[in-house]
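Note that the working numbering has the sequence shown beginning at 1, numbered continuously upward. Glycine included, C-beta positions come from ideal geometry on N, C-alpha and C.
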Amino acid sequence: MAIHFECEWSFIRLLAEMFFQQYVVIQATECFIFISADRERVNMIDMDITLVIQMINIIILMFLLNAVLYKPVLGILRERSKKMKGTEEEIERFDKNARLRQEEVDKKLSQASGKAKAALDSARAEAAAAGNEKLAAIKAEAEAEKEKKMAELKSQVDAAGKSLQENLDGFASDMAGKILGRSL
Numbered sequence: 001m002a003i004h005f006e007c008e009w010s011f012i013r014l015l016a017e018m019f020f021q022q023y024v025v026i027q028a029t030e031c032f033i034f035i036s037a038d039r040e041r042v043n044m045i046d047m048d049i050t051l052v053i054q055m056i057n058i059i060i061l062m063f064l065l066n067a068v069l070y071k072p073v074l075g076i077l078r079e080r081s082k083k084m085k086g087t088e089e090e091i092e093r094f095d096k097n098a099r100l101r102q103e104e105v106d107k108k109l110s111q112a113s114g115k116a117k118a119a120l121d122s123a124r125a126e127a128a129a130a131g132n133e134k135l136a137a138i139k140a141e142a143e144a145e146k147e148k149k150m151a152e153l154k155s156q157v158d159a160a161g162k163s164l165q166e167n168l169d170g171f172a173s174d175m176a177g178k179i180l181g182r183s184l
């Protein structure tokens, strides 16, 4: 936009330079004609009514250029500046909106991550509880099996003890007979 701005001012300067160049050429021609007509006296500027007319012409030209060229160009530049400001404000508003939405997304993402972690911890706790229940059931089953086997062994030991008790009298007399060398 700065290039376009410079081009507009360059155009204005070009118009002004063209006007003043034509004015200088006209004045130089008049002076040359005046010098060639009157070689004795060379005055570039005469203090007469033409000087006042030229000053009035310049003032009128300034007002005309101001009304026709400068004000419209400055108005266009002001409008462009307002549009640029509006665009910058809109961009700033969009950036702010984008930041807010990103914060919301980050917040929701962290909440979802927290929920997922909680669900994972809950699943782990449930799996551990189920594993503990199965372990307890297996231990209880093993304990029951142990008690059953112990009861069987006890009954076998008791049966063996009774049979030994019953045979103890015969065994004791056999031993005594062997020790004494005679039978009792």
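Query, Result
"What residue range is occupied by the uninterrupted alpha helix (DSSP H) comprising R182?", "Counting along the chain, R182 falls outside any alpha helix (DSSP H), and DSSP gives it neither H nor E."
"Along the chain, where does the alpha helix (DSSP H) containing V52 start, and where does it finish?", "49 to 65"
"How many angstroms separate the CA atom of L65 from the CA atom of E89?", "34 Å"
"Please work out which residues of its chain come closer than 6 Å, Cβ to Cβ, to E147, disregarding the five sequence neighbours upstream and downstream, and give them in chain order.", "none"
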